[in-house]
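What follows is one structure encoded as structure tokens, with my remarks underneath.
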Amino acid sequence: MLRALYRCVLRAHPPYFRQRFTEEMESIFDHAESTGAKVGLLVDAGISLGRQWGLRPQFWEEPTVAAGPDGVPLFHTLGHAMPRKAALVYGALLSALVLNGISWTMGYAWNHPIFIEFRQPVITPPASWANRGTKGPNVPVVAEPPLYTDQGRVILIFNAPAHAGMPAPAEAKSSDSANASSNKDSHSQAPPTSKQGMIF
Amino acid sequence: MKEDTSSFLPLSPATLHILLSLAGEELHGYAIMQEVQRQSEGKYRLGPGTLYDNLQKMIERRLVEDLGQKAGDEDPRRRYYRLSTLGRGVLAAEIARLDGVVREGKLRLQKPRRA
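Residue numbers (the working numbering), protein chains in the order written: chain A, 8 to 207; chain B, 916 to 1030.
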């Protein structure tokens, strides 16, 4: 049980250390006779695990040193395994800039207006509207203008024939101002004009 | 090219004991642990984690040479280690430094204290 646990802890070590020393450490564990000594070795392996991962990043992988016949290294890396702090800061800054650029480009692409051709529907007013306010059947029906769209708004302009007895638009305009001055306190509605529009 | 040994000094107790145990002959890890215990009369016990961490560093700094496994050994998993020329020089420099410390210490302790 303890041996299996010890083996697991050794296998969790960085690859280079594991490849190099695991067998020998297992051999030492096998030499331990008492359970107390084995527990001690287990604790030691746990500390070693933390030390190797936390404090020895340069030994996580096999160093790239090739030695010549006389023991002189043919190639040696002088730099540290971990990048410099300044390099990390520059890297973070560069990443932020690139990400920002990509986001801006995508935003610019998405802001392009999409042109969709709308058909202009022709709305014919109901037949009852045509005869509204008319007395005789021979009153000509004026065709309604088509429906217009203007940047998302829908403007409906249609001709509503004036009620019988109502003044013509020009007259209504003058009488409106007169009415406004004379019947200031009254709540009488303004007479309908011949052209009405609705914006939706 | 001769490397300056003073850049390695002072050595940590574990490094000093390992170099000292390898000064006589090439040894495997378990034998190094036993030798360190013998040298310190049981006062300093080196665990395998500390031993191999130090050996790794010393091999990388070329103070110790890894000889690999030996055929005919009772346990074929054992690897043997040997002190390099540089390691021997560093050990000698550390012993000389400690010798100076001991002499100075003795001298100071022998002098009567001034009131």
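Backbone N, C-alpha and C fix where the C-beta goes; we use that ideal spot for every residue, glycine too.
These numbers were taken from a predicted model, which means no experiment stands behind them.
According to the DSSP assignment, B:R1018 belongs to the alpha helix (DSSP H) that extends over T1000 to Q1025.
What A:R58 touches in chain B, judged by beta-carbon distance under 8 angstroms, is G964 and D968, going in chain order. Between B:L931 and B:A1008, the CB-CB gap reaches or exceeds 8 angstroms. Rounded to the nearest angstrom, the Cβ distance from B:L998 to B:A938 is 6 angstroms, consistent with a contact under 8 angstroms. Less than 8 angstroms divides the Cβ of B:G944 from the Cβ of B:R994. Around the Cβ of A:Y13, a 10 Å sphere holds 16 or more other Cβ atoms; the residue is buried. At a cut-off of 8 angstroms, the C-beta of B:D988 has no neighbouring C-beta in chain A. Rounded to whole angstroms, the gap between the alpha carbons of B:L982 and A:W67 is 21 angstroms. Three or more pairs of CB atoms, one per stretch, sit closer than 8 angstroms, so the stretch 960–979 of chain B contacts the stretch 46–56 of chain A. In this chain, A:G43 is not harboured by any beta strand (DSSP E); it is covered by the alpha helix (DSSP H) spanning T42 to L62. Counting of Cβ neighbours within 10 angstroms places A:D51 among the buried residues, the total reaching 16 or more.
What A:A52 touches in chain B, judged by beta-carbon distance under 7 angstroms, is G964, going in chain order. With contacts defined as CB atoms closer than 8 angstroms, B:Q954 and B:L935 qualify as a contacting pair.
Looking at the DSSP output, B:R997 sits in a beta bridge with B:E980. For B:I947, the uninterrupted alpha helix (DSSP H) run begins and ends at G944 to Q954, by DSSP.
In this structure, the straight-line span from the alpha carbon of B:L1006 to that of B:P928 is close to 12 angstroms.
The Cβ of B:Y945 sits closer than 8 angstroms to at least one Cβ of chain A.
By the neighbour-count definition (other C-beta atoms within 10 Å, threshold 16), B:Y996 is a buried residue. The Cβ atoms of B:R992 and A:E33 lie closer than 8 angstroms to each other.
Within chain A, F24, R27, F28, R63 and F66 have C-beta atoms less than 8 angstroms from the C-beta of B:Q971, given in sequence order. Contact between B:L1001 and B:R1023 does not hold, since the beta-carbon distance rounds to 33 angstroms and is not under 8 angstroms. In this structure, the straight-line span from the alpha carbon of B:V1016 to that of B:K972 is close to 26 angstroms. Cβ-Cβ separation between A:Q59 and A:F24: approximately 5 angstroms, consistent with a contact (criterion under 8 angstroms).
For A:P22, the enclosing alpha helix (DSSP H) starts and ends at P22 to H38.
In the structure shown, A:A94 falls within a helical segment according to DSSP collapsed to helix, strand and coil. Using a Cβ-Cβ cut-off of 8 angstroms, B:R992 counts as an interface residue toward chain A, since at least one Cβ of chain A sits closer than that to its own. By the beta-carbon neighbour count (other beta carbons within 10 angstroms, threshold 16), A:H38 is exposed.
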